[in-house]
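Reading through the C-alpha cells given below for one structure.
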Amino acid sequence: MTAPALEVRDLGIVFDTRRGPVPAIEGVSFAMARGEVLGIVGESGAGKSLTGNALIGLLQAPGRISAGSIHLDGARIDDLPREAQRRLRGKRIGAIFQDPLTSLDPLMTIGDQLVETIRAHLPMTAAAAKQRALDLLAEVGIADPASRFGQYPHQFSGGMRQRIVIALAIAAEPEVIVADEPTTALDVSVQAQILALLRRLARDHGTAIMLVTHDMGVIAEIADRVAVIYAGRLVEIGPVAEVLHAARHPYTTGLMSLIPSLSRREERLPQIAGAMPRPGQWPGGCSFHPRCPKAGPRCALETPRPVATDAVRVACHLFSGGTAAAPAI
Amino acid sequence: MIAIVLRRLGSVLLVMLVVAALSFLIFNFLGDPVNNILGVNATLEEREALRRALGLDQPTWVQFWHFLERAVVGDFGISYRNRQPVMDLILSRMPATVELVLCATVLALAVGVPMGVYCALRPRGVLSRVLQMVSLIGISIPQFLLGMLLILVFSVELRWLSAFGRGEVVEIGWWSTGLLTDSGRKALIMPVLTLAVFQISMIMRLVQGEMQEVLRADFIKFARARGLPDRAVNLRHALRNSLLPVVTVVGLQIGALIAFAIVCEAVFQWPGLGLLILQAIEYADFPVMAAYLALVGFGFAMINLTVDMIYLFIDPRMRRK
Chain Y
11 MTAPALEVRD LGIVFDTRRG PVPAIEGVSF AMARGEVLGI VGESGAGKSL
61 TGNALIGLLQ APGRISAGSI HLDGARIDDL PREAQRRLRG KRIGAIFQDP
111 LTSLDPLMTI GDQLVETIRA HLPMTAAAAK QRALDLLAEV GIADPASRFG
161 QYPHQFSGGM RQRIVIALAI AAEPEVIVAD EPTTALDVSV QAQILALLRR
211 LARDHGTAIM LVTHDMGVIA EIADRVAVIY AGRLVEIGPV AEVLHAARHP
261 YTTGLMSLIP SLSRREERLP QIAGAMPRPG QWPGGCSFHP RCPKAGPRCA
311 LETPRPVATD AVRVACHLFS GGTAAAPAI
Chain G
59 MIAIVLRRLG SVLLVMLVVA ALSFLIFNFL GDPVNNILGV NATLEEREAL
109 RRALGLDQPT WVQFWHFLER AVVGDFGISY RNRQPVMDLI LSRMPATVEL
159 VLCATVLALA VGVPMGVYCA LRPRGVLSRV LQMVSLIGIS IPQFLLGMLL
209 ILVFSVELRW LSAFGRGEVV EIGWWSTGLL TDSGRKALIM PVLTLAVFQI
259 SMIMRLVQGE MQEVLRADFI KFARARGLPD RAVNLRHALR NSLLPVVTVV
309 GLQIGALIAF AIVCEAVFQW PGLGLLILQA IEYADFPVMA AYLALVGFGF
359 AMINLTVDMI YLFIDPRMRR K
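Chains as they are written, first to last, in my numbering: chain Y, 11 to 339; chain G, 59 to 379.
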C-alpha cells in the first residue's frame, strides 16, 4: 500500500497574541490520495485558508503550527528548514489563489513568469524552459501560446489569467495543489471551465487537489470527497454524495438546508441561528453546541472526537456514543 | 506609444510658452532697461533712440514674439552686471551644478535604495530602527548647518578638504569637469554629502514605504507559493513594483537641485548656477533672472518628459493608447 499523496495529522494552528496563543485550528486530520479532489468547505473565518496556507508553508506571523504534522508522500514536511520548504513549494505542492487579477506580477510578461518558475525548480536551459512554458500554456487552454507568451497580465481576461495562474502552479508537476477559492472571483461560465480544467489535471496527472471554497455548487461539481470545517475543527469528512445528501453532523445538515433550490421557493432564505465564534471565543465542548438544534448537556462539556461511520468521519456526540446526554461520571 | 510621446511633447510646448511669458514679463517690466543701460543722466532724445533701438516702442505682443525668437536660439540679452551675454554666463556655470547634483543623486540612489529595501524586509530589526531614526534627522537637518559642520570638521579641524570652490577643472569643449583631477574630486566630497544626506533619507523612506505596501500584494504571496527564491521575490518582483514613485520623486529632486542648490553652493562658494542666481537677485540683474527662469522651466519640462518615458519603459500597463 502506498502512502497518501498528502496527509495531515492532528494539525493545530495558533495565533500568538499578547495574551498568549489563541487556537485557530485544532485537531484537523485528513488524507488525500493521488488524483483525488478534496473539497474543504466552511464559513469565512472557519480556518479553511489557514489550513491551506499551512500546507504550502506560507503561514504568516503571528500564525504558526502548534501541533500535529503534515506528510507529503509519507515524508514529514512541516518541520523542514525554511529553504527546504521553499524548494517544495511550487515543485511538489502548488498553490492557486482566489484573485487571478492580482496573482500575477503586472510588470513582467507571463512568459517570463513561467520561465522563472520552471527554472527555479527544474534544471533546464532557457530554451527548454520556454518550450515547456509554451506547452503548459497550451495545456491550460490558452490559444496561440507563442504570441501570448510575450504579453503582460493586463492583456488577459480574468478567466485567462486564472488559467495562467494554474499553468504556473503546475509548472513543475506538483503532486498536490492547494486551490484557495480558485473560482470565487470569476463569473459563472468561466467558473465551470476552470473547474473542468482542474478536474482534468487531477485525472491526467494524478495530482491531488485540495479545493477550498464556500460554494457547495463547486464542491458538487468536481470534488470526490468533502471536508466541513467549523470554528477551526473538522466536523465531517466523507464522499461528496454521502455528505451532501445524507449529512450526519447537525452543522452540515444546516449548511445543506441553506442552499437555495429552484423547486422550493421561499419568502425568506433560511439561516442557521447565531454566528460562528471567532478564534479565542470558542465555547467549551463542541464549538457548534450553542447553535445546534440537537445539542444535549454533554455537548457543552466534552469536545467530540471524530469517529468513522462507514466512509464518513464525523465529530459529534450523536454518533460517538449515540447520545448527547451528559456522560456518566 | 508614439501618440503618448507626441501628446507629452505638446504639453511641454505649452508649459514652455507660459514660462516664456513669465520670463518676458520680468525682462520687460521689472525695472527700466533704458535706465539700466544709459544711467539716469541721459537726455530724453538718447532715451527715445535707445527705446526704438531695443524695440520697446512696439506693441507688447510684437515684443513678446521677438523675445521668443531670440530665446529659441539662446539669446537672452546682456547681463547688466557682467556685460556678458546671459547665455554664456549660464552655460559657463551649468557644469559645476550639474556635476554636483548628479553625483549627489547617484550617491543617494546607491545608498538610499538598498537601505529602504533592508528596512522594508526587516521593519522590526534593530538596524532598521536605527536607520529610520537617522533618516529622520537627515530629512530635518538644514543644509547650511550640515555644510558648516562638515567644513568645521574636515576643513578647519582635520584640514583634509578645501572649504570652497571646485578645485582644478578640465575643459572638454564648453563643459568643465572636476571629476578628472584629484583636487576637483576632493572638492566635490563635502558639497555632494551636504546635498545627498537629505536625498538618501527621503529615498530610503520612500522605498521602504512603497515596498512594504507591495510586499503585502497577492502577486508576492503567489510568487512565494511558486517557490521562487527570496532574492527573486524581493528584488525582481517586490522592488521593481515599488520603483515608480521613486522615479518620479528623484526626477523632481534633480530638477529642483539643479535650479536651487543655492544654499549648498553659497556655503561652499561653489561656482554654479545657484551662486549665479543669488548674485543676479542681489544686483537686480533682470536678463539673467529671466533667462534663468526660462531655462529652469525648460529643465523641469525635460525631466518630466524623461520620467514619463521611464514610466512607459517600466510599466507595460501605461503603453496602452
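Don't be surprised by glycine CBs; every beta carbon is placed ideally from N, CA and C.
All figures in this text were calculated on a predicted structure; none of them were measured in a lab.
Closer than 7 Å at the beta carbon, the chain G residues around residue i
i: Gly100 (chain Y); result: Ala283, Arg284, Gly285
i: His215 (chain Y); result: In chain order: nothing, as chain G lies at least about 17 Å away.
i: Ala243 (chain Y); result: A quick correction: the sequence has Arg, not Ala, at residue 243 (chain Y). Simply none; closest approach about 26 Å.
i: Arg97 (chain Y); result: Gly285
Contacts around residue i, its chain only, beta-carbon distance under 8 Å, and the 5 residues preceding and following it disregarded
i: Asp146 (chain G); result: none
i: Ala338 (chain Y); result: Since pLDDT at Ala338 (chain Y) reaches only 43, below the 50 mark, its modelled position is unreliable, and the value read off the structure follows with that caveat. Answer for Ala338 (chain Y): no residue qualifies.
i: Val159 (chain G); result: Leu253, Ile312, Leu315, Ile316, Ala319
i: Ile80 (chain Y); result: Leu16, Glu17, Val18, Arg19, Leu21, Ala64, Leu65, Arg86, Ile87, Asp88
i: Pro293 (chain Y); result: Pro287, His299, Pro300, Ala310
i: Leu96 (chain G); result: Glu104, Arg105, Leu108
i: Gly242 (chain G); result: Arg224, Gly225, Glu226, Val227, Val228, Thr235, Gly236
i: Ala283 (chain Y); result: Arg301
i: Gln203 (chain Y); result: Gly151, Gly169
Cβ-based neighbour list, residue i, same chain, cut-off 6 Å, excluding 5 preceding and 5 following
i: Leu48 (chain Y); result: Met42, Met220, Arg235
i: Ala336 (chain Y); result: The predicted model places Ala336 (chain Y) with a pLDDT of 49, which falls under 50 and marks its position as unreliable; any figure quoted below should be read in that light. Closer than 6 Å at Cβ, skipping near neighbours: Pro307, Arg308.
i: Arg209 (chain Y); result: Ile232
i: Val272 (chain G); result: Ala296, Asn299, Ser300
i: Leu64 (chain G); result: none
Supposed close pair residue i, residue j - CB separation, criterion 8 Å
i: Ile84 (chain G); j: Met347 (chain G); result: 6 Å
i: Arg99 (chain Y); j: Gly285 (chain G); result: 4 Å
i: Gly170 (chain G); j: Met262 (chain G); result: 4 Å
i: Gly106 (chain Y); j: Val175 (chain Y); result: In the sequence as presented, Gly is not what sits at residue 106 (chain Y); that position holds Ile. The pair is a contact, with the Cβ atoms about 6 Å apart (cut-off 8 Å).
i: Leu82 (chain Y); j: Ile103 (chain Y); result: 7 Å
i: Gly225 (chain G); j: Thr239 (chain G); result: 6 Å
i: Val77 (chain G); j: Leu351 (chain G); result: 7 Å
i: Pro153 (chain G); j: Trp218 (chain G); result: 25 Å between Cβ atoms; not a contact.
i: Ser259 (chain G); j: Ser300 (chain G); result: Incorrect: roughly 17 Å between the Cβ atoms, too far for contact.
i: Ala195 (chain Y); j: Gly168 (chain Y); result: 7 Å
i: Arg116 (chain Y); j: Arg375 (chain G); result: The amino acid occupying residue 116 (chain Y) in the given sequence is Pro; Arg does not appear at that position. Yes, they are in contact, since the Cβ atoms of Pro116 (chain Y) and Arg375 (chain G) sit about 6 Å apart, within 8 Å.
i: Met55 (chain G); j: Ala290 (chain G); result: The question about residue 55 (chain G) has no answer, for chain G in this structure spans 59 to 379.
i: Thr193 (chain Y); j: Val250 (chain Y); result: Actually they do not touch by this definition, with Cβ atoms about 17 Å apart.
i: Val70 (chain G); j: Leu363 (chain G); result: 6 Å
i: Ala342 (chain G); j: Met269 (chain G); result: At roughly 48 Å, the Cβ-Cβ gap does not stay under 8 Å, so Ala342 (chain G) and Met269 (chain G) are not in contact.
i: Arg44 (chain Y); j: Ala318 (chain Y); result: Arg44 (chain Y) to Ala318 (chain Y), Cβ: 22 Å. No contact.
Partner residues on chain G for residue i, Cβ-Cβ distance less than 8 Å
i: Asp10 (chain Y); result: In the structure as shown, chain Y begins at 11 and stops at 339. Residue 10 (chain Y) is therefore absent and cannot be evaluated.
i: Phe107 (chain Y); result: Asp276, Lys279, Phe280, Ala283
i: Leu328 (chain Y); result: Chain G residues near Leu328 (chain Y): none, gap ~39 Å exceeds 8 Å.
Contacting residues, own chain, Cβ-Cβ under 7 Å from residue i (five flanking each side not counted)
i: Val24 (chain Y); result: Pro31, Val32, Pro33, Ala34, Arg74, Ser76
i: Lys379 (chain G); result: Residue confidence for Lys379 (chain G) is low, a pLDDT of 46 falling below 50, so the modelled location carries little weight and cannot support an answer.
i: Val156 (chain G); result: Ile316
i: Thr127 (chain Y); result: Gly100, Leu178, Ala181
i: Leu293 (chain G); result: none
Interface partners of residue i on chain Y, CB under 8 Å
i: Ala275 (chain G); result: Thr112
i: Asn412 (chain G); result: In the structure as shown, chain G begins at 59 and stops at 379. Residue 412 (chain G) is therefore absent and cannot be evaluated.
i: Arg375 (chain G); result: Pro116, Tyr162, His164
i: Ala290 (chain G); result: Glu126, Ala130
Under 9 Å by beta carbon: chain Y residues contacting residue i
i: Ile372 (chain G); result: Leu117
Near the ligand MN: residue i beta-carbon under 8 Å from a heavy atom
i: Ile66 (chain Y); result: Absence of the ligand MN from the depicted structure is noted, as is the absence of any ligand whatsoever, leaving it without description.
Chain-ordered chain Y contacts of residue i [CB-CB under 7 Å]
i: His295 (chain G); result: Asp115
- Message: Tell me whether the segment 57-66 of chain Y and the segment 241-260 of chain G touch, counting them as touching only if at least three CB pairs, one residue from each stretch, are closer than 8 Å.
- Response: no
- Query: Within the chosen definition, does the segment 127-134 of chain G reach the segment 269-283 of chain G through at least 3 CB pairs nearer than 8 Å?
  - Reply: no
- When Cβ atoms are compared, which residues of the segment 162-180 of chain Y fall closer than 9 Å to chain G? Tyr162, Pro163, His164, Gln165, Val175, Leu178, Ala179
- Task: Pull out every residue of the segment 122-136 of chain Y whose Cβ sits closer than 7 Å to any Cβ of chain G, in chain order.
- Result: Glu126, Thr127, Ala130, His131
- Item | Any 3 or more C-beta pairs closer than 8 Å across the segment 113-123 of chain G and the segment 185-194 of chain G | no
- chain G contacts from the segment 56-67 of chain Y (Cβ-Cβ distance under 7 Å): Ile66
- Tell me, please, whether the segment 88-97 of chain Y touches the segment 138-152 of chain Y by the rule of three or more beta-carbon pairs shorter than 8 Å. no
- Decide yes or no for the touch test of the segment 236-245 of chain Y against the segment 182-190 of chain Y: beta carbon pairs closer than 8 Å, at least 3 of them. no
- Decide if the segment 319-335 of chain G is in contact with the segment 203-210 of chain G; the criterion is three or more beta carbon pairs, one per stretch, under 8 Å apart. yes
- Is the segment 314-328 of chain Y touching the segment 59-75 of chain G in the sense that three or more CB pairs, one from each, lie closer than 8 Å? no
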